[in-house]
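Under this note's numbering, the first residue of the sequence shown is numbered 1007, with each subsequent residue one higher. Positions of the beta carbon are idealized from the N, C-alpha and C atoms, including for glycine. Written below as structure tokens is the structure these notes are about.
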Amino acid sequence: MATCEACRNTTETDVTFYRFPQAEENLQLWIVNMGKAEGWTPSESSSLCSEHFTPECFDGSGDLLSDAIPTVFSSDEPVELPDLKESEIQTNERETTDIHSTLNTPAQTCDCEARIQAMEKAYRLKLLSAQLQIKKCQKELMEQTHRASKWQKKALILKSAVITMKLRKTASAASSEKPADPKH
């Protein structure tokens, strides 16, 4: 029985399960978006359910696109702070103290922690994405440098071939222009 690594949905629910991608870039993005601890790696049977993907992640037949990244997780939901009524906001010190104590309740602290965790997750995702982009660019640069080096070598070979051909042509022309030996 398959179980979602993020929300613990099972095959008994009306969801579809998808295994983690083999491509390292996508795999890391899946892990970061899930909010798993650094160093966590999925097993071969690990999977996520369809609830963590937006509709754009699926093709017309309902199959998951190869570059799909899960982005729907409960910790990503925006945390709403309760609205304070105008009557609650007063300028005298006693009421201001009451408001501060209300904002320091465990529920508010949890909301702040959830926001901080969501922000950290977003920044980690951006950092990981930027690092992966740097790796791609470095790889492309190495490939282009290698190609340029090959072309430079070919250009040198062709240049020396042209010089050799010119020298042969000049030598051939010079030997055909020599006057015949007048001794005989």
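Residue i - containing beta strand (DSSP E), residue span
i, result
"residue 1054", "1053-1055"
Beta bridge counterpart(s) of residue i as assigned by DSSP
i, result
"residue 1025", "1053"
"residue 1164", "Paired residue(s): none; residue 1164 is not in a bridge."
"residue 1064", "1070"
"residue 1009", "1016"
Expected contact under 8 Å - CB spacing of residue i and residue j to nearest Å
i, j, result
"residue 1029", "residue 1079", "Contact flag wrong, Cβ pair sits at about 21 Å."
"residue 1038", "residue 1127", "7 Å"
"residue 1032", "residue 1069", "Between residue 1069 and residue 1032 the Cβ distance is about 15 Å, and since that is not below 8 Å, they are no contact."
"residue 1052", "residue 1026", "6 Å"
Straight-line gap, residue i to residue j (C-alpha atoms, nearest Å)
i, j, result
"residue 1159", "residue 1042", "49 Å"
"residue 1138", "residue 1019", "35 Å"
"residue 1064", "residue 1133", "26 Å"
"residue 1058", "residue 1049", "19 Å"
"residue 1124", "residue 1035", "15 Å"
"residue 1171", "residue 1161", "15 Å"
"residue 1022", "residue 1015", "10 Å"
"residue 1182", "residue 1144", "57 Å"
"residue 1105", "residue 1060", "A caution first: residue 1105 carries a pLDDT of 47, below 50, which makes its placement in the model too unreliable to give a value."
"residue 1121", "residue 1152", "46 Å"
Limits of the unbroken alpha helix (DSSP H) element including residue i
i, result
"residue 1036", "1030-1040"
Classification of residue i by the beta-carbon crowding that lies within 10 angstroms, buried from 16 upward
i, result
"residue 998", "With the chain covering only 1007 through 1190, there is no way to say anything about residue 998."
"residue 1054", "buried"
"residue 1136", "exposed"
"residue 1076", "buried"
"residue 1148", "exposed"
"residue 1024", "buried"
"residue 1118", "exposed"
"residue 1007", "exposed"
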